[in-house]
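Peer 1: Shown below is the structure under consideration.
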Amino acid sequence: MTVKHLGQITDEIIDNWAKEYEQRADGFHCRNCGSQIGQVTCHVSIHIKEFEPTCAGPGKVVPINFPFCPKCDGDIEYATACYHIPLWRSYVVLPGSNFICIPVKGGQK
Ligand SMILES: [Zn+2]
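For the sequence shown, this note's numbering assigns the number 419 to the initial residue and increments by one for each residue that follows.
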């Protein structure tokens, strides 16, 4: 079991996760090997864009689904990432298979 560190992710990166796989009647499949795609939780730390290049934020962590190929990507236990939002955004919406809307404390300006 390994932990996958994705670094900073964006809406575009999250959108592209699903596009990398082939959708069939019984779910998503790997374009390389045809294996059925699994998913683990990706723990996303919310950081404030204005603090860049530093990764700093209110300490909020949002779980989202991370799809992966059990054969090509190996045995992943969970993933970690961070997501940078501007200070004026008072909530976080991350795309993906389940849309999550979580208020961030002190997020509005
Ligand atoms: Zn594969």
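Ideal Cβ placement from N, Cα and C applies to all residues, glycine included. Predicted model only: the values in this text are computed from it and were never measured.
Could you work out which residue in Gly456, Pro481, Gly475 is closest to Gly445 when comparing CA atoms only?
Peer 2: Per the Cα distances, Gly456.
Peer 1: Going by the C-beta, is Ser453 closer than 8 Å to any heavy atom of ligand 1?
Peer 2: Yes, Cβ of Ser453 sits closer than 8 Å to a heavy atom of ligand 1.
Peer 1: Going by alpha carbons, who is nearest to Thr498 out of Val462, Pro504, Glu430?
Peer 2: When each option's Cα is compared against that of Thr498, the closest is Val462.
Peer 1: Is the CB-CB distance between Gln426 and Cys460 below 9 Å?
Peer 2: No. Outside cutoff.
Peer 1: Is Ile464 closer than 9 Å to Ile431 when the C-beta atoms are compared?
Peer 2: Not a contact, by the Cβ cut-off of 9 Å.
Peer 1: Please check the pair Glu468 and Leu505, which I expect to be a contact at CB under 8 Å, by giving their CB distance rounded to whole angstroms.
Peer 2: With 8 Å as the limit, Glu468 and Leu505 qualify as a contact, their Cβ atoms being about 5 Å apart.
Peer 1: Between which two residues does the alpha helix (DSSP H) carrying Asn434 extend?
Peer 2: Per DSSP, Asn434 belongs to the alpha helix (DSSP H) from 429 to 437.
Peer 1: By DSSP, does Lys523 sit in helix, in strand, or in coil?
Peer 2: Model confidence at Lys523 stands at a pLDDT of 41, short of 50, so the residue's coordinates are unreliable; what they give is reported in the following sentence. Coil at Lys523, not helix or strand.
Peer 1: Please determine, among Asp433, Glu438, Asp429, the residue with the shortest C-alpha to C-alpha distance to Phe486.
Peer 2: Of the candidates Asp433, Glu438, Asp429, the one whose C-alpha sits nearest the C-alpha of Phe486 is Glu438.
Peer 1: Kindly examine ligand 1 and report whether one of its heavy atoms sits closer than 8 Å to the Cβ of Lys489.
Peer 2: Because some heavy atom of ligand 1 lies under 8 Å away, the Cβ of Lys489 counts as near it: yes.
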